Amino acid sequence: MKAVITGAEAVAHAVRVVNPDVISAYPITPQTHIIEKLAELSERGEIKAKFIRVEAEISAIAVVIGATAQGVRAFTATSSHGLLYMHELLHWTAGGRLPVVMAVANRAVGAPWNIWCDQQDMLSQRDTGWMQVFASSAQEAMDLIPISYLVAERTFLPVMVGLDGFILSHTAEPTELITPSEVEEFLPPPDYPLRLSHHDPFTLWPILEPNLYHRQRYDLFKDHQKALKAWKSAFKRWEEITRRGYRAVETYNTEGAKAAFITAGAVSDTVKYALDNLFKNEKVGLVKLRLFRPFPYDDIREICAPFEKVIVLDRAVSYGAEGIFSQEIRSALGGACPVQCCVISMGGKDITPEEIAAVYEKASKIPEGVVIWS
Amino acid sequence: MELKRLKEQMEPGHLACAGCGAALAMKLATKALGEKLRVVIPASCWSIIVGRHPDTTLKVPVIHSTFEVAPSIAAGIRAALDALGQKEVTVMVWAGDGSTYDIGFASLSAAAERDEDIIYVCYDNEAYMNTGIQRSSSTPYGAWTTTTPYGKRKHKKEIIEVMKAHRIPYIATATVAYPEDMIRKFKKAKEIRGFRFILVLSPCCPGWGIKESETVLISRLAVESGLFPLLEIEKGKLSITHQPSFIPVKDYIAPQKRFAALTEKDVREIEELVRQRWERLRREEA
Ligand SMILES: Cc1ncc(C[n+]2csc(CCOP(=O)(O)OP(=O)(O)O)c2C)c(N)n1
Ligand SMILES: [Mg+2]
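Residue numbers (our numbering), protein chains in the order written: chain A, 1 to 374; chain B, 1 to 286.
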């Protein structure tokens, strides 16, 4: 069944169908609609989850950590400052190997205050050990929730699902609603071997001496790498059940293209529109990064190496360096193809198709390494 | 005596300093609560005391928490246990005064306001001991710490009053010198549903400058001098569970090196605090 719903409603619908036992969250724009919807469903008894209304985001993620360590599925969502406020426990979740899934309605961070979209919130949490995927439509935001639970529960690594604040979270689009039977077929009930139990008591996360700690971190590192496979097989399985396919890296119009834009999130559609309408004389493609952690090095290399150049449209910056996606793509390509960084929009600055064309023009005139601020 | 009959949940080999009041307190608390338990421990001396992997001194499941959110982790565990139909399992937070009075104050207050079905224990050694004796808002007036080298100039936060304002079903104080009183309170707390708060005064030998053999003595003197009232507040109703003999405050202070620089005036300041506190307690009890 199709419905015209916002990205926030799409996520809430997915969570409803996945049916976790515990939800905890704290309001922040533009994520709030997700949890308002879930709070209402919980209050009306339409979902079994207990909704715990905490005093801060750090407690929301703490509740989810406690519930998951006790062996049940849990969910939270946040944005921007809420995500930053969780920072310490983001490390704790991943280090603790808890299969948590969190939706992040991507938003700029202050100061100064700004409630609109960029990806600085999530990308600044890059090194916490969470996996990261980005949606570029309400449909994708919905589908990525069960997919993320499956991967998280197979790899014992947490996942953030990023969706553009307002652009996706607040915009209604026709969306195919996922059904309980689809999710039941796709996602087995959780079974965490390390859940707390008084029949077999143990201490979770005690002090590890340096050699063992080093080893534990190595496992985390290795398991992230191995998780790439889990994502691929989850995408494939989801496609078999729903006929909606995803890839770690997706392409549009790249066959025979001499250059490509690289994006993540809803800006991809703007780029597609620009390519279709404003790039009549030149064959330029689009590479869409769906999975950011673990980073799909091989796919990026394989797809991008033939291009004469790639232009990365960044919405998160490592100050003193360049756009964060640009850095990652550059390191993946290792000189196989020039990478041009364009910071296209911070804090919700409009991105028009004409601007995409102008960026392409500009990029052809400046040397690699000079960061374009569009 | 009942104390001996109760099953031991703490095994030898903990990593506390000799004479640690907090180690003794855990031994008594877990005896009272039994094995169907979850213990949430935020950053504190107890993060160390419980043991390094693969050793653990507790025979009950333990989960380590960051410093500021132990009550929230406990709330998540509680919700999960309820979802799994394991209502009979007790969830206990075991936190220091740093977590309780300071960095975790918001999450404590919120969990109390939501009336989460957990027992929150603050083992109060009146400073950040794990990081080497720094003042907390529980450090008493006049006490030396590394960050109050000339003695703290503020009284300790009245955490019992603060918790009372949350209208939770059960509040109690206890200390290791009165083990029967402490066990009784933990057992009672176990049978009550909702948020339960127990403050356990836990002398720290290096932090307070006392001998390893003096832990129980000092905790008794704290009670008998009137500085640490043993009480219970059930659904808002206060009862004093041990009538102190009101020995001079000086007798409590003198053996502790942390109070070495106290002047006569400082002692009078503390005596005045004790007087006011008991005036209030008597009024409330009546
Ligand atoms: C966010 C954060 N800040 C600081 C610390 C360092 N730290 C660890 S334990 C501790 C003091 C704990 O004091 P308290 O709660 O009184 O327990 P005690 O050590 O006295 O048993 C501090 C400051 C930390 N772990 N986390
Ligand atoms: Mg302390």
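Backbone N, C-alpha and C fix where the C-beta goes; we use that ideal spot for every residue, glycine too. Here the structure is a predicted model, which is why all the values come from computation and not from measurement.
- Secondary structure of G7 of chain A (DSSP, three-state): helix.
- Around the CB of G151 of chain B, 16 or more other CB atoms lie within 10 Å, so the residue is classed as buried.
- Take I133 of chain B, set aside five residues on each side of it, and the residues of its chain with a beta-carbon closer than 6 Å to its own are A127, T145, T146, G207, in chain order.
- By the Cβ-count criterion, Y149 of chain A is buried, with 16 or more other Cβ atoms from all chains shown falling within 10 Å of its own Cβ.
- With a threshold of 8 Å, the Cβ atom of E126 of chain B counts as near ligand 2, since some heavy atom of the ligand is closer than that.
- Only R195, L196, S197, H198, D200, P201, F202, T203, L204, W205, P206, I207 from the region 183 to 207 of chain A bring a Cβ to less than 9 Å from some Cβ of chain B.
- Under the three-state reduction of DSSP output, A112 of chain B falls in the helix class.
- The contact set of G51 of chain B on chain A, defined by CB atoms closer than 9 Å, consists of T203, P206, I207 in chain order.
- Short note on Y123 of chain B: C-beta closer than 8 Å to some heavy atom of ligand 1.
- For D121 of chain A, no beta strand (DSSP E) run applies; the uninterrupted alpha helix (DSSP H) run containing it begins and ends at 120 to 123, by DSSP.
- In the DSSP annotation of this structure, S326 of chain A is not part of any beta strand (DSSP E); the continuous alpha helix (DSSP H) holding it starts and ends at 324 to 333.
- The beta carbon of K288 of chain A does not come within 9 Å of any beta carbon belonging to chain B, so the residue lies off that interface.
- Interface criterion not met: the Cβ of S42 of chain A is under 9 Å from no Cβ in chain B.
- Here the distance from the Cβ of D115 of chain B to the nearest heavy atom of ligand 2 is not below 8 Å.
- Taking 8 Å as the upper bound for CB-CB distance, W205 of chain A and G348 of chain A are not in contact here, some 39 Å apart.
- A check of alpha carbon separations from G13 of chain B across B:L24, B:D55, B:S47 identifies B:D55 as the nearest.
- Annotation for A32 of chain B: I183, F186, K187 place their beta carbon closer than 6 Å to its own, counting only its chain and skipping 5 residues before and after.
- Taking the Cα positions, K157 of chain B is about 19 Å away from R196 of chain B.
- Taking a cut-off of 8 Å on C-beta distances, the region 269 to 282 of chain A does not touch the region 11 to 28 of chain A, as fewer than three cross pairs fall below it.
- Where N106 of chain A is concerned, the enclosing beta strand (DSSP E) starts and stops at 101 to 106.
- Residues L201, A222 of the same chain have their beta carbon placed closer than 6 Å to that of F228 of chain B, with the five preceding and five following residues left out of the count.
- Not a single heavy atom of ligand 2 lies less than 8 Å from the C-beta of C117 of chain A.
- Around the beta carbon of L3 of chain B, fewer than 16 other beta carbons sit within 10 angstroms, so the residue counts as exposed.
- Taking each of B:E88, B:G85, B:E68 in turn and checking the Cα distance to A111 of chain B, the smallest one comes out for B:E68.
- Per the Cβ contact rule, the region 168 to 181 of chain B is in contact with the region 228 to 240 of chain B (3 or more Cβ pairs under 8 Å).
- I58 of chain A has a beta carbon lying within less than 9 Å of a beta carbon in chain B.
- Taken through DSSP and simplified to helix, strand or coil, H14 of chain B comes out as coil.
- The criterion of a C-beta distance shorter than 9 Å is not satisfied by L6 of chain B and M26 of chain B.
- For I329 of chain A, the closest alpha carbon among the candidates A:D299, A:A358, A:T352, A:G320 is that of A:D299.
- Of the other Cβ atoms in all chains shown, 16 or more fall within 10 Å of the Cβ of E140 of chain A; this residue is therefore buried.
- Residue A:F166 holds the alpha-carbon nearest to the alpha-carbon of N114 of chain A among A:F166, A:E250, A:F134.
- Within the region 208 to 219 of chain A, L208, E209, L212 place their CB atoms closer than 7 Å to a CB of chain B, listed in sequence order.
- When C-beta distances to chain A are compared with 9 Å, the residues of the region 67 to 78 of chain B below that value are F67, E68, V69, A70, P71, S72, I73, A74, A75, G76, I77, R78, in chain order.
- Contacts with chain B at 9 Å (Cβ-Cβ) do not include K349 of chain A.
- Residues of the region 28 to 46 of chain B with a C-beta atom less than 7 Å from some C-beta of chain A are E35, K36, L37, R38, listed in chain order.
- Checking the 8 Å criterion, the Cβ of N19 of chain A is out of range of every heavy atom belonging to ligand 1.
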